[in-house]
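Peer 1:
Chains as they are written, first to last, in our numbering: chain Y, 1 to 226; chain B, 1001 to 1150.
(1) From Y:49, Y:180, Y:130, Y:154, pick the residue whose C-alpha is nearest to that of residue 104 of chain Y; which is it?
(2) Hey, how far is the Cα of residue 62 of chain Y from the Cα of residue 155 of chain Y?
(3) Taking any Cβ of chain Y, which residues in the region 1094 to 1126 of chain B have a Cβ under 7 Å from it, in chain order?
(4) Please confirm whether residue 167 of chain Y has its beta-carbon closer than 9 Å to some beta-carbon of chain B.
(5) Would you check if the distance between the CB atom of residue 176 of chain Y and the CB atom of residue 186 of chain Y is smaller than 9 Å?
(6) Could you tell me if residue 64 of chain Y is buried or exposed, where buried requires 16 or more neighbouring beta carbons within 10 angstroms of its beta carbon?
(7) Whole angstroms is fine: what's the gap from residue 203 of chain Y's alpha carbon to residue 194 of chain Y's?
(8) Which residues in chain Y have a C-beta closer than 8 Å to the C-beta of residue 1138 of chain B? List them in chain order.
(9) Note down the Cα distance separating residue 52 of chain Y from residue 112 of chain Y, rounded to an integer number of angstroms.
(10) Can you tell me whether residue 69 of chain Y is buried or exposed, with buried defined as 16 or more other CB within 10 angstroms of its CB?
(11) Under a CB-based cut-off of 9 Å, is residue 144 of chain Y close to chain B?
(12) Can you list, in chain order, the residues of the region 154 to 165 of chain Y whose Cβ is nearer than 7 Å to any Cβ on chain B?
(13) Check the Cβ of residue 1134 of chain B against every Cβ in chain Y and list those closer than 7 Å, keeping chain order.
(14) Can you name, in chain order, every residue of its own chain whose Cβ lies under 6 Å from the Cβ of residue 1008 of chain B, other than the five neighbours on each side?
(15) What did DSSP end up calling residue 1035 of chain B once you bin it into helix, strand or coil?
(16) Taking only beta-carbon positions, decide if residue 7 of chain Y is within less than 9 Å of chain B.
(17) Less than 9 Å between the beta carbons of residue 157 of chain Y and residue 1133 of chain B, yes or no?
(18) For residue 243 of chain Y, decide whether its Cβ has a neighbour in chain B, counting only Cβ atoms nearer than 9 Å.
(19) Apart from the five residues just before and just after residue 149 of chain Y, which ones in its own chain have a Cβ nearer than 8 Å to its Cβ?
(20) What first and last residue would you give for the alpha helix (DSSP H) that runs through residue 1023 of chain B?
(21) Given this structure, state the Cα-to-Cα distance separating residue 173 of chain Y from residue 87 of chain Y, to the nearest angstrom.
(22) Short check: CB of residue 138 of chain Y to CB of residue 209 of chain Y, under 9 Å?
Below is the structure:
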């Protein structure tokens, strides 16, 4: 096919059809430099438009809503969308820490503090509002991170018939990714705790329930003894 | 200074939002509100046609797009004033206020902003359908309550 148009040079930035065939949907700039070639610290202080994020997230929710069987299924899908982001952010944020604190968190508390301060500041430019351990003695493996006004939910009104849903399940997925990536496998879920009363201070308050796997708690107890 | 009520009409002339903020207007039945919205939409459409065309020289000399004819902007009675703000996409915001309410333009633009934020960015809102967004209701109340109590 190249012989049929010998005089025409290939357009810059457009891969030839052979390349396109081998890597469908992926395009490389003409210089060969992708975002993976950029220094990792370059975008450290850059900010994004919240409006464009809101539209993107709205579409992500709509996409996740297609062909789901129920609210739990929808939350699972949002969680799955967030999980790989958490895995990658763990590495990126540790890399950006000063060299002395670049080690991975080794205890549950250190990990959760990493999440509520460094991860939260990176994602939402502020730390999380509270970090609590479950007071119930039967569930020593549960921790709660609260956010008074999750950024992802700022423009979202969940319809009454779906009031169990909290779209911050996406953020729960990110947290879960960080926990899994650092070797503390956990299940993280997002729950709305606002009562929907008139004049409430934080109507959108959300609690992220972090439930670690039993082996994590077991290891933690062993580490504590030595 | 009282803002009585807000009505939002979609581009097909359907009522998609109606809310009272203060006493002062008679309550209508939901059917009457629908008729009011449809009638206003029709009259507004006719009034845009009545509007004399912009002079052809002005249109050809500038390459910028001419302003669309605005149609009815204000409707005033002894007891209230109805200000209409029509967006470029044809959604209409009708604000009922006291006749001497100042800065209605600014209020209505702020309401449009709230609509753009809390309705259009909500993934559960279906476009052109009635607005049932809790956060929009809340923000609207937060914005207009202090104005009315001043």
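Backbone N, C-alpha and C fix where the C-beta goes; we use that ideal spot for every residue, glycine too.
Quick caveat: nothing in here was measured; it's all calculated off a predicted structure.
Peer 2: Taking the coordinates as given:
(1) Y:180
(2) 14 Å
(3) 1117, 1118, 1121, 1122, 1123, 1124
(4) yes
(5) yes
(6) buried
(7) 5 Å
(8) 203
(9) 29 Å
(10) exposed
(11) no
(12) 155, 156, 157, 158, 159
(13) 157
(14) 1016, 1017, 1093
(15) helix
(16) With a pLDDT of only 46 at residue 7 of chain Y, under 50, the local geometry of the prediction cannot be trusted, and no value is derived from it.
(17) yes
(18) Limits of chain Y in this structure are 1 at one end and 226 at the other, which puts residue 243 of chain Y out of reach.
(19) 202, 204, 205
(20) Per DSSP, residue 1023 of chain B belongs to no alpha helix (DSSP H) and is neither H nor E.
(21) 10 Å
(22) no
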